[in-house]
Every structure is written in C-alpha cells, then in structure tokens.
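Undergrad: So the sequence shown is numbered by this note's numbering: it starts at 84 and just counts up by one.
Once you've had a glance at the structure underneath, I'll fire off some questions.
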Amino acid sequence: MSSNSESEVLHIPVLKAEVIEAFSDIAEGNLIDCTLGYAGHSQALLSHYPHINIIGIDRDSEAIAYSSKKLEKFADRVEIIKGRFSDTVPYLLKNRKAQISGLLADFGVSSLQLDKDERGFSFASDNRLDMRMDTSSPLDAYTVVNQYPQDRLEYILREYAEIRNPSKIVSAIMEQRATKAIETGKELANLASKYLRSSKKIHPATLLFQAIRIEVNDELGEIERLLDTLESNPPAGAIIALITFHSLEDRLVKRRFQKWSQECICPSHSYRCTCGGDNAIGYMPHRKPITAKSDELSLNPRSRSAKLRLFRFKESL
C-alpha cells in the first residue's frame, strides 16, 4: 500500500464542503458512513462536528486498515465495520435506530483503488483483471470477461453501460478469449478501443469497465437494498446524503427520494384523492442534485460527474 503521506495527497473526497453542510443540523448521535473508503468524508465530519460519532462501513480490507490509522485521534467516536453496507445497515437500524442521526454513502470507486495497478481497475493495468472492492470475494473481472456467456455479457453492457448495440464488442471478446484469455486491463482496453466509440471526455473503454465493475461488485443491487432498508425501517429525523457518479445510480436514488416525498399516492388516473394525502415520510431539502463548484472541478476532475442528493425523514414516523 502507498505510504500515508502519498495517500493523503492522492485521495480527495468529492463534495467535501457540501457533505459537511448537509449534516449541519445534526447536534449529536451516530452518523453511518456506508462507504468509509479512505475516510476523507468521515475525517472532515468528525473534525467539524465534535458531538457526533461515526459508524464506518467498508468491504475493502486495505481501506479499513488505512482509515483505522487515519482516524486514530477520533478513536472514542469511531466504530469501523468490515462488510457490505446492504448487510450492515439493516442491523444498525434495527438495533440503534433511535441513535442514527444521519447516513452518508459515496458510491464512487476510490481514486486509490482506480490508480493502484494491482487492484485491476485501470485501463493501463498490466495485472490480472480484478475490480473487486472486497478482495476476498470469489467473483472478479477476469471471470466475468473470460467465462460469462455471450448473452450475459451483452446484457451487462446494455444494462450497466447503456451501450445500445453491444454485440460487436462482445463478439470480439468471445473471439479473443477463445484463442487466449484476456488477462489484464490493458488488453481489454485495447480491444474496446477498436470497437467502441471514443469521445473527448472519456476513454472508449470507460463504459465497458464500468459495466464489468458494477457486475463484479453488485453495485446497483447494493444501492437498491440500502434504499429498501431505509424505506422499510426509516430512522426518524435522520438526514440521508447519497453521492452518485453515473446516471444508473442517480436514477435509483432520485426516483426513490421522489417516492418518499409524495403526499398523495393515488393512481394518476384517479379523479380525486382517496389515500388521505399524508403519505410522505420526509422531504428533499433540494429538488435538484448538488454538484461540484468550479474550484473543486479544477482541483479534482473526477468530481465532475458527482451528484449529491439529500433526503430528510420526518421526526415522527
């Protein structure tokens, strides 16, 4: 792993000031950081709000080791749990619901994960395709690329990368792997460059790698399960702050927040309201997502696709 000083330079939490502001009404209690990562957001929140505690969750052992050391001076206010947030949050809401004042999730892949060659996320990686956030997980990108059937690969690219006609690149993958396994990120990126369109802003392999990473880590399923948990067991008065990085994630969060904000849930064809018109379980402080300002964009270009959406549950539910 990189040295602490190097990691401090490389890791820049997105929308840090906006995340701090999002929880400005929290006086005390526990704040769940579903994606602790390298503790950029948690460190900022602990420093800014001396009366809150952080329960940090992550499935990356390397990130947990680093964050545990980084947050040592806040040890009496921090609890770190290794695992998926979709498994951990239900337990926390069931057992500590009255103490949960807020919940944060940054669904982006850490810059340190992307840039570290041996993690196998990068287009330029000469290491074996991996892309696992939890390195103990049995499914990796190598398996997806080299063992998945053609129809499943096409489904992944269509659904998770929104590539309209994925058959050409998938056929190329099938042909290549029939001769020799596609072992590295560099090999896969070179293949993608021949069959996928490029743009000025992103590498032609970006969407392909995104789709495979989502499949490996079940990223959309994780978000869905988190939203289901919050809907079925909402922590009263808690502020929910979710940061997404592509349209698939943002659509899930936006639609669920809109659903939770609806007072009337009668069918659209109804002539009059029969549901009572008091079904909202909270509200969105901002109707539109919060995005990075120009100074952050110049410092951290990866923040350009970040969208922060907020929801606040009612005090009594």
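Even glycine gets a Cβ: it sits at the ideal position worked out from N, Cα and C.
Among H286, Y231 and I239, which residue has its Cα nearest to the Cα of Q261?
TA: At residue 261 the sequence reads Ala, which differs from the Gln that was named. Of the candidates H286, Y231 and I239, the one whose C-alpha sits nearest the C-alpha of A261 is Y231.
Undergrad: Looking only at C-alpha atoms, which of F292, S344, G120 and Y243 sits nearest to F396?
TA: The candidate whose alpha carbon is nearest that of F396 is S344.
Undergrad: Return the chain-ordered list of same chain residues with a C-beta closer than 6 Å to the C-beta of S88, the five sequence neighbours on each side being excluded.
TA: Because the pLDDT at S88 is just 40, under 50, the model does not fix this residue reliably, and the value given afterwards should be weighed accordingly. Spatial neighbours of S88 in its own chain (CB-CB distance under 6 Å, excluding positions within 5 residues in sequence) are not present.
Undergrad: Excluding the 5 residues preceding and the 5 following I183 in the sequence, name in chain order all residues of the same chain whose CB lies nearer than 6 Å to its CB.
TA: Hits under 6 Å: N113, P318 and A321.
Undergrad: Do you know whose CA, among S205, I246, A146 and G123, lies nearest N273's CA?
TA: S205
Undergrad: Taking the beta strand (DSSP E) that K390 belongs to, which residues open and close that run?
TA: K390 to F396
Undergrad: For the alpha helix (DSSP H) containing G139, name the first residue and the last one.
TA: Per DSSP, G139 belongs to no alpha helix (DSSP H); it is in the beta strand (DSSP E), I135 to D141.
Undergrad: Answer yes or no: do I252 and A275 have a C-beta to C-beta separation smaller than 9 Å?
TA: yes
Undergrad: Hey, is the segment 295-311 in contact with the segment 212-232, meaning 3+ C-beta pairs nearer than 8 Å?
TA: yes
Undergrad: Quick one: using the 10 Å Cβ neighbour count with 16 as the cut-off for buried, is P249 buried or exposed?
TA: buried
Undergrad: Of all Cβ atoms in chain C, is any one closer than 9 Å to the Cβ of T171?
TA: Looking at the structure shown, chain C is missing, and only one protein chain is on hand.
Undergrad: Can you tell me whether E398 is buried or exposed? The criterion is at least 16 other CB atoms within 10 Å of its CB, across all chains shown.
TA: exposed
Undergrad: With D234 as the anchor, note down where its alpha helix (DSSP H) starts and where it stops.
TA: Q233 to Y243
Undergrad: What are the boundary residues of the alpha helix (DSSP H) that includes S377?
TA: S377 to L382 is the extent of the alpha helix (DSSP H) around S377.
Undergrad: In this structure, what does DSSP give as the bridge partners for I285?
TA: None, per the DSSP bridge assignment.
Undergrad: According to DSSP, is I348 part of a helix, a strand, or is it coil?
TA: coil
Undergrad: Excluding the five sequence neighbours on either side, which residues of its own chain have a C-beta within less than 8 Å of the C-beta of H134, listed in chain order?
TA: Correct list, in chain order: A110 and E111.
Undergrad: Using the three-state DSSP reduction, which class does G365 fall into: helix, strand or coil?
TA: strand
Undergrad: Indicate the three-state DSSP secondary structure (helix, strand or coil) for D333 in the structure shown.
TA: helix
Undergrad: With 16 as the cutoff for other CB atoms within 10 Å, does Y225 come out buried or exposed?
TA: buried
Undergrad: Measuring alpha carbon to alpha carbon, tell me which of E245, M257, D159 and S315 ends up nearest V172.
TA: S315
Undergrad: Measuring straight from C-alpha to C-alpha, what distance separates F394 and S144?
TA: 30 Å
Undergrad: Using a 10 Å radius around the Cβ and a threshold of 16 neighbouring Cβ atoms, would you call T357 buried or exposed?
TA: exposed
Undergrad: When the Cα atoms are used, what is the spatial distance from A122 to H329?
TA: A122 and H329: Cα-Cα distance of roughly 22 Å.
Undergrad: Starting from T262 and walking both ways along the alpha helix (DSSP H), at which residues does that stretch end?
TA: S250 to T262
Undergrad: Rounded to a whole number of angstroms, what is the C-alpha to C-alpha distance between E237 and K177?
TA: 39 Å
Undergrad: Residues in its own chain within less than 7 Å of L222 by CB, not counting five upstream and five downstream?
TA: Apart from the 5 residues on each side of it in sequence, L222 sits with its Cβ closer than 7 Å to the Cβ of V299 in its chain, given in chain order.
Undergrad: Suppose you measure from the CA of S254 to the CA of Q233; what does that come to, to the nearest Å?
TA: 7 Å
Undergrad: Compare the beta carbon distance of F106 and L175 with 9 Å and say whether it is the shorter of the two.
TA: no
Undergrad: According to DSSP, is G185 helix, strand or coil?
TA: strand
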